[in-house]
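J.: Handing you a structure now.
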Amino acid sequence: MGEAEQAQSRLAPDDAFSALGNEIRVEILRELGEAGTALAFSELYDRVAVDDSAQFNYHLDRLEGHFVGKSDAGYALRRPGRRIVEAILSGAVTDDPTLERTPTDELCPGCDSHVEIEWHEGSVEVYCPTCTRRWQQSWGRVDGPEQAPQGYQGRLPVPPAGIMDRSPTEIYQTAFTWTSLELMSVASNICPRCAATVTTELNVCETHDATDGPCSSCGTTYAVRLVAACTNCIYSAGCAAAWGVVSTTELLTFLFEHGLNPVAPGAARRLDAVINEYGEQIHSTDPFRAEFSFSIDGDQLTLAVDETLAVVDTVE
């Protein structure tokens with residue numbers, strides 16, 4: 003598709019919000035999504051809670067073309083329409099479930115206490131009842147970062163559907179894997195929301211001291227923090243810099259050679275111990291040069307990286 007054709011076929015954001023700004027239109031999309039196949043006009047009309055066929059036709063017409071396609075078989079969702087229905091059913095735009103702090107069967111990689119979780123503002127927040135906190139603040143809050151309680155290990159953003167019909171242990175594993183996949187996507191320069199490119203920068207704490215817990219200057223355990231932002235949508239993320247190399251061949255090979263599949267939910271504890279308990283050595287900040295060391299079963303992999311987190315040397 004050429005640039006002119008792409009620009010012509012793209013729906014402006016204001017027009018997209020306008021097209022979806024009616025409950026009848028949203029219900030049309032949802033009914034087509036649940037049907038899973040094309041529906042004739044009369045069949046779709048019977049499924050939607052509207053008594054006036056002219057009104058129904060008006061709202062259907064506003065969706066047709068971009069969100070809904072029409073063929074001889076009837077009306078069916080186009081890919082943008084499917085994405086809207088998927089977002090609604092994930093609960094990301096509709097649900098706010100309740101999950102009070104509760105223990106799981108997963109063990110903390112630092113002390114073997116049972117990890118505890120709770121749901122808060124779109125994320126599963128993780129705690130250890132014994133260890134010190136990894137982060138001084140809890141990010142991602144509507145009112146800005148809040149002071150983190152003792153034992154706070156971080157938050158794992160996941161849609162509300164991810165905590166439904168699962169045990170606390172399964173919720174933790176699901177949220178950890180979901181977040182890991184998101185950060186692997188970011189590390190591959192792909193926005194996990196819209197697939198556009200992402201910009202990344204490294205924030206280095208010049209006076210870092212995490213001897214007795216998170217550094218009082220930067221509020222984190224590690225001196226180098228990765229901050230990513232999508233070039234197209236509003237997605238952004240911040241994490242320990244080691245997550246920026248999680249998609250490299252060198253680290254993935256090291257993981258798989260030790261029987262650790264980073265995208266398997268059952269591997270959450272082992273992956274946490276490797277990626278979130280790594281060694282960090284900064285050699286220079288201008289230009290940035292550092293080494294990240296990862297350990298599994300007594301074996302160690304050290305990756306030397308530059309300011310883009312590209313691997314420039316490997317030591318095993």
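When the letters of the sequence shown are read in order and numbered with our numbering, they come out as residues 3 to 318. Beta carbons are placed, not taken as given, at the ideal position from N, Cα and C, and that holds for glycine.
1. Counting only the same chain and skipping the five closest in sequence on each side, list residues whose C-beta sits under 8 angstroms from that of residue 266.
2. Give me the Cβ distance between residue 184 and residue 194, rounded to the nearest whole Å; I'm assuming they're in contact under 8 angstroms.
3. Is the Cβ-Cβ distance between residue 77 and residue 70 less than 8 angstroms?
4. What span of residues does the beta strand (DSSP E) with residue 231 cover, start to end?
5. Can you look up residue 188 in the DSSP assignment and give me helix, strand or coil?
6. To the nearest angstrom, how far is the alpha carbon of residue 165 from that of residue 20?
7. Under the three-state reduction of DSSP, which class applies to residue 169: helix, strand or coil?
8. For a test of the three-state rule: what should DSSP assign to residue 213, helix, strand or coil?
9. Are the CB atoms of residue 149 and residue 130 nearer to each other than 8 angstroms?
10. What are the complete alpha helix (DSSP H) segments, minimum 4 residues, inside the stretch 226-293?
11. Verify whether the separation of the beta carbon atoms of residue 25 and residue 49 is less than 8 angstroms.
12. Let me see if you follow: with CB-CB separation under 8 angstroms, is residue 74 close to chain D or not?
13. On the three-state DSSP scale, how would you describe residue 3?
14. What is the rounded straight-line gap between the Cα of residue 133 and the Cα of residue 317?
15. To the nearest angstrom, how far is the alpha carbon of residue 45 from that of residue 39?
16. Roughly how many angstroms separate the alpha carbons of residue 58 and residue 41, rounded to a whole number?
17. Can you check the stretch 106-142 for any alpha helix (DSSP H) of at least 4 residues that lies completely inside it and give the ranges in chain order?
18. Between the stretch 271-291 and the stretch 212-220, do three or more beta carbon pairs fall short of 8 angstroms?
19. Select from 128, 212, 200 and 213 the residue whose C-alpha is nearest the C-alpha of residue 173.
20. Considering only DSSP beta bridges, list what residue 317 is partnered with.
21. Can you give the Cα-Cα distance for residue 186 and residue 16, rounded to whole angstroms?
22. Using the Cα positions of residue 113 and residue 238, report the straight-line distance between them to the nearest angstrom.
23. To the nearest angstrom, report how far apart residue 56 and residue 31 are at their CA atoms.
24. Going straight from the alpha carbon of residue 13 to that of residue 92, what length do you get?
25. Which residue from 124, 208, 28 and 221 puts its Cα closest to that of residue 136?
T.: Working from what's here:
1. Against the sequence shown, residue 266 aligns to sequence position 264. Taken in chain order, the residues that qualify are 179.
2. The residue you call residue 184 lines up with position 182 of the sequence shown. The residue you call residue 194 lines up with position 192 of the sequence shown. Sure, about 4 angstroms apart at Cβ, within 8 angstroms.
3. Against the sequence shown, residue 77 aligns to sequence position 75. Against the sequence shown, residue 70 aligns to sequence position 68. Yes, the pair counts as a contact, with Cβ atoms nearer than the cut-off.
4. Start at 1 with the first residue of the sequence shown, and residue 231 comes out as number 229. Looking at the DSSP string, the run of the beta strand (DSSP E) that includes residue 231 is 226-232.
5. Residue mapping note: residue 188 aligns to position 186 of the sequence shown, counting from 1. Residue state, collapsed to three classes: helix.
6. Sequence index remark: in the sequence shown, residue 165 carries index 163 (1-based). Sequence index remark: in the sequence shown, residue 20 carries index 18 (1-based). If you take the alpha carbons of residue 165 and residue 20, they lie about 31 angstroms apart.
7. Your numbering for residue 169 matches position 167 in the sequence shown. If DSSP states are grouped into helix, strand and coil, residue 169 belongs with coil.
8. Here residue 213 refers to the residue found at position 211 when the sequence shown is read from its first residue. Looking at residue 213 - three-state DSSP - the assignment turns out to be coil, as it is neither helix nor strand.
9. Counted from its first residue, the sequence shown places residue 149 at position 147. Counted from its first residue, the sequence shown places residue 130 at position 128. No, the pair does not count as a contact, with Cβ atoms beyond the cut-off.
10. Along the length of the stretch 226-293, whole alpha helix (DSSP H) runs at least 4 residues long occupy 251-259 and 270-277, reported in chain order.
11. Position 23 of the sequence shown holds residue 25. Position 47 of the sequence shown holds residue 49. No, the Cβ-Cβ distance between residue 25 and residue 49 is not below 8 angstroms.
12. Within the model displayed, chain D is absent; a lone protein chain is all it includes.
13. Taking the first residue of the sequence shown as position 1, residue 3 is located at position 1. Low confidence applies to residue 3: its pLDDT is 42, below 50, so where it sits in the model is not reliable, and the reading given next is rough at best. If DSSP states are grouped into helix, strand and coil, residue 3 belongs with coil.
14. For the purposes of this step, residue 133 is taken as the residue at position 131 of the sequence shown. For the purposes of this step, residue 317 is taken as the residue at position 315 of the sequence shown. Whole-angstrom Cα-Cα distance: 30 angstroms.
15. In the sequence shown, counting from the first residue as 1, residue 45 sits at position 43. In the sequence shown, counting from the first residue as 1, residue 39 sits at position 37. Approximately 12 angstroms, taken between the alpha carbons.
16. In the sequence shown, residue 58 corresponds to position 56, counting from 1. In the sequence shown, residue 41 corresponds to position 39, counting from 1. Going from the Cα of residue 58 to the Cα of residue 41 covers about 14 angstroms.
17. none
18. no
19. Counting from 1 along the sequence shown, the entry for residue 173 is found at position 171. Selected option, being the one with the closest Cα: 128.
20. Position 315 of the sequence shown, counting from 1, holds the residue named residue 317. DSSP, once it has assigned bridges, lists 304 as partnering residue 317.
21. Mapped onto the sequence shown, residue 186 falls at position 184. Mapped onto the sequence shown, residue 16 falls at position 14. About 31 angstroms.
22. In the sequence shown, the residue the question calls residue 113 occupies position 111. In the sequence shown, the residue the question calls residue 238 occupies position 236. Their backbone Cα atoms lie some 31 angstroms apart in a straight line.
23. The sequence position of residue 56 within the sequence shown is 54, counting from 1. The sequence position of residue 31 within the sequence shown is 29, counting from 1. Straight-line Cα distance between these residues: approximately 18 angstroms.
24. Translated into positions along the sequence shown, residue 13 becomes position 11. Translated into positions along the sequence shown, residue 92 becomes position 90. Roughly 23 angstroms separates the two Cα atoms.
25. What you label residue 136 is simply residue 134 of the sequence shown in a count that begins at 1. It is 221 whose Cα lies nearest to the Cα of residue 136.
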